[in-house]
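Only one structure is covered here, and it is reproduced in the block below.
There are 4 protein chains.
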Amino acid sequence: MNARPDPNADIASTGVAGEELKQFIERIERLEEEKAGIADDIKEVFGELKGRGFDTKIVRKIVALRKQDANERQEQEAILELYMQALGMQ
Amino acid sequence: MNARPDPNADIASTGVAGEELKQFIERIERLEEEKAGIADDIKEVFGELKGRGFDTKIVRKIVALRKQDANERQEQEAILELYMQALGMQ
Amino acid sequence: MNARPDPNADIASTGVAGEELKQFIERIERLEEEKAGIADDIKEVFGELKGRGFDTKIVRKIVALRKQDANERQEQEAILELYMQALGMQ
Amino acid sequence: MNARPDPNADIASTGVAGEELKQFIERIERLEEEKAGIADDIKEVFGELKGRGFDTKIVRKIVALRKQDANERQEQEAILELYMQALGMQ
DNA sequence: CGCTTAATATAGCCAC
DNA sequence: GTGGCTATATTAAGCG
């Protein structure tokens with residue numbers, strides 16, 4: 005048993021749960037702002053790196069590859085080749 | 005004119021640019037970790053909120069809607085400015 | 005249960021699934037051509053409109069805004085329905 | 005000299021250019037609807053193809069490859085390898 | 001032609 | 001664990 009079994013119902017009536025909800029939403033929005041800020045930082049690094057003459061597209065690929073399991077990558081390539089052979093493409 | 009007009013060429017030879025690239029990549033990876041951490045925090049808030057009896061789906065929609073409202077406002081202002089420029093109203 | 009549980013296997017052997025795949029790909033390519041054609045039509049309209057003295061940038065913004073307004077309306081309705089469900093109001 | 009040198013100015017005054025603009029916008033919106041319809045058709049084909057056991061991601065790749073110039077692809081791969089060598093990744 | 005914004009594709013998440 | 005949905009990442013287009 006719970007003192008507030010259905011906060012949603014309370015929203016329309018007392019506003020108590022509404023206040024709690026507001027707090028949650030504000031926390032989320034604050035965190036999302038932070039996240040967006042970091043995303044901007046990343047963009048800046050790419051901008052800087054581009055200004056130094058590096059190819060951003062390739063750097064992105066490297067970063068992605070470092071995350072990705074090498075085996076999975078090989079598997080993907082293998083099945084892709086299989087398909088291409090079936091279609092007579094190369 | 006630039007002291008390093010083609011970093012790509014350097015990569016294969018001296019490795020100097022390779023070192024610089026490595027630095028960039030590590031910065032990016034550090035920032036992406038931070039970003040992922042915040043994403044986790046957000047998930048936690050949703051978990052908590054769910055534990056308090058709120059419907060996560062609805063809360064997500066509210067958050068999205070509030071963001072959209074903000075965007076909408078910006079859009080409206082943007083187009084208003086465009087019009088004013090077009091009409092020579094400065 | 006399915007008559008062809010693993011088309012990928014068939015590709016390398018009989019080529020039957022390869023044929024089916026080819027059909028799919030050709031359908032997709034035909035549709036993408038159509039789509040590109042329409043995109044060209046849109047470009048033409050913008051060209052025409054520009055020739056009539058309108059500012060394409062502004063017109064694009066108006067179109068985007070009208071679309072956004074429509075989306076916004078749908079979003080509002082969606083969240084309203086969600087709330088009603090959550091509150092047991094059918 | 006032109007009978008309507010600045011349609012934008014007219015918008016605020018006579019509404020004549022406003023009417024013309026409306027026509028343009030409606031044409032654009034109609035075309036964009038068509039385009040969206042075809043995009044949906046494409047999605048359907050992918051859905052169907054998926055239901056037949058094909059891997060949509062790979063099929064997308066094939067479609068993209070068929071568009072792409074083979075030389076460009078090889079060049080991309082070459083430079084990627086170069087970078088990876090420089091970083092000691094394989 | 002580079003930079004910014006829109007379209008598309010991918011991946012992660014959540015509910016069933 | 002599968003499938004839909006949202007969010008992110010990539011790619012393409014438009015503009016100056």
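Protein chains in written order, with the working numbering: chain A, 5 to 94; chain B, 5 to 94; chain C, 5 to 94; chain D, 5 to 94. We treat Cβ as the ideally placed atom computed from N, Cα and C, and that holds for glycine.
message = To be precise: take each residue of the segment 72–94 of chain A, compare its Cβ to all Cβ atoms of chain C, and keep it if any distance is under 9 Å. Which residues remain?
response = Within the segment 72–94 of chain A, the residues whose Cβ lies closer than 9 Å to some Cβ of chain C are ILE83, LEU86, TYR87, GLN89, ALA90, LEU91 and GLY92, listed in chain order.
ask   = Beta-carbon of A/ILE62 versus every beta-carbon of chain B: anything under 7 Å?
value = No, its Cβ sits nowhere closer than 7 Å to a Cβ of chain B.
Neighbour flag for C/GLU38 against chain D, beta carbons, 7 Å = For C/GLU38, a Cβ of chain D is located within less than 7 Å of the residue's own Cβ.
task = Out of C/GLU76, C/GLU81, C/PHE28 and C/ALA90, state which residue places its alpha-carbon closest to the alpha-carbon of D/GLY55.
result = Of the listed residues, the one whose Cα sits closest to D/GLY55 is C/PHE28.
key: Three CB pairs or more closer than 8 Å across the segment 27–46 of chain A and the segment 31–47 of chain B   = Yes, the segment 27–46 of chain A is in contact with the segment 31–47 of chain B.
task = List the residues of chain A whose Cβ lies closer than 9 Å to the Cβ of B/ALA43, in chain order.
result = Those within 9 Å of B/ALA43 in chain A are LEU35 and LYS39.
ask   = Any beta-carbon of chain B closer than 7 Å to the one on A/LEU69?
value = No - not a single Cβ of chain B is within 7 Å of the one on A/LEU69.
task = Use the C-beta contact count for B/ALA21: other C-beta atoms within 10 angstroms, 16 or more gives buried, fewer gives exposed.
result = It counts as buried.
message = Taking the alpha carbon of B/LYS61 as the reference point, which residue from C/ALA82, C/GLU33, C/VAL49 and C/ILE32 has its own alpha carbon closest?
response = Closest option to B/LYS61, Cα to Cα, is C/ALA82.
ask   = For A/GLU23, which residues in chain B fall below 7 Å Cβ to Cβ?
value = Chain B residues near A/GLU23: none, gap ~12 Å exceeds 7 Å.
message = Taking the straight line between their C-alpha atoms, what separation do you get for A/GLU85 and A/GLU79?
response = Their Cα atoms are separated by approximately 10 Å.
key: Partner residues on chain A for C/LYS26, Cβ-Cβ distance less than 7 Å   = By Cβ distance, chain A contributes LEU91.
message = If I follow the unbroken alpha helix (DSSP H) through D/LEU69, where does it start and stop?
response = For D/LEU69, the enclosing alpha helix (DSSP H) begins and ends at 60–71.
Under 8 Å by beta carbon: chain C residues contacting B/LYS65 = In chain order: GLU79, ALA82, ILE83 and LEU86.
ask   = Is the beta carbon of C/VAL49 less than 7 Å from the beta carbon of D/ARG31?
value = Yes.
task = Note down the Cα distance separating D/GLY51 from C/PHE58, rounded to an integer number of angstroms.
result = Cα atoms of D/GLY51 and C/PHE58: separation of roughly 41 Å, rounded to the nearest angstrom.
ask   = For D/ILE33, which of C/ALA74, C/LEU25, C/TYR87 and C/GLN89 has the nearest alpha-carbon?
value = Sequence check: residue 33 of chain D is Glu here, not Ile. Ranked by Cα distance from D/GLU33, the first of C/ALA74, C/LEU25, C/TYR87 and C/GLN89 is C/ALA74.
Straight-line gap, C/LEU53 to D/LYS26 (C-alpha atoms, nearest Å) = So the alpha carbons of these two residues sit roughly 11 Å apart.
query = Excluding five sequence neighbours on each side, which residues of the same chain lie with their C-beta closer than 7 Å to the C-beta of D/ARG70?
reply = Contacts found: none.
query = With DSSP run on the structure shown, which of helix, strand or coil describes C/ARG31?
reply = Three-state DSSP puts C/ARG31 in a helix.
message = Just verifying my parser: in three-state terms, what is the DSSP assignment at D/GLY112?
response = A query on residue 112 of chain D cannot be resolved here, the shown segment of chain D reaching from 5 to 94 and no further.
task = Quick one: grab the DSSP three-state call for A/LEU57.
result = Looking at the sequence itself, residue 57 of chain A is Gly, so the reference to Leu does not match. A/GLY57 falls in the coil class under three-state DSSP.
task = Assuming C/GLN72 and B/GLU23 form a contact by the criterion Cβ under 8 Å, report the distance between their Cβ atoms to the nearest whole angstrom.
result = Going by Cβ atoms, the distance from C/GLN72 to B/GLU23 rounds to 46 Å, so no, they are not a contact pair.
Through-space distance from D/VAL63 to A/ARG64, alpha-carbon basis = Distance between the alpha carbons of A/ARG64 and D/VAL63 is about 23 Å.
request  = Starting from the C-beta of B/ALA90, find all residues in its chain whose C-beta is less than 7 Å away, skip the five residues before and the five after it, and write them out in chain order.
outcome  = Cβ within range, chain order: n/a, list empty.
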